[in-house]
Amino acid sequence: MKIDNTSSKIDPTLGKYLMILKFVKQLAEMSHGINEIKGVIPYIDPQAFKNNEYKRDKKSDVYSGVLFWEISSERPPFEKVNK
Numbered sequence: 001m002k003i004d005n006t007s008s009k010i011d012p013t014l015g016k017y018l019m020i021l022k023f024v025k026q027l028a029e030m031s032h033g034i035n036e037i038k039g040v041i042p043y044i045d046p047q048a049f050k051n052n053e054y055k056r057d058k059k060s061d062v063y064s065g066v067l068f069w070e071i072s073s074e075r076p077p078f079e080k081v082n083k
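Start counting the sequence shown at 1; every next residue gets the next number (full-length UniProt numbering).
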């Protein structure tokens, strides 16, 4: 099933997220092997750029996930949590 074929037949919000995922997949395919950085450049933990020996871990995954959430939802995570 191709994303292009299904996005017009489903809920517009879900279609938006599917298109974002398609875009991210294309970015990942294009950036594979460039300067030995693995991952999609906009979502990589900044430490990976500062240090070539930096090993990604769970903290890096959390950073990427939160950043992706903020971009895809167009609002910061935990926006309604009391400060």
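Quick reminder that beta carbons are idealized off the backbone N, C-alpha and C, glycines included.
CB of Tyr-17 within 8 Å of CB of Ser-72, strictly: For Tyr-17 and Ser-72, yes; Cβs fall inside 8 Å.
Neighbourhood of Glu-70 by C-beta, 8 Å cutoff - its chain only, sequence neighbours within 5 removed: Here Glu-70 has Pro-76, Pro-77 as same chain residues with Cβ atoms under 8 Å from its own Cβ, once five neighbours each way along the sequence are excluded.
Residue span of the alpha helix (DSSP H) that contains Glu-70, given as start and end: For Glu-70, the enclosing alpha helix (DSSP H) covers residues 58-73.
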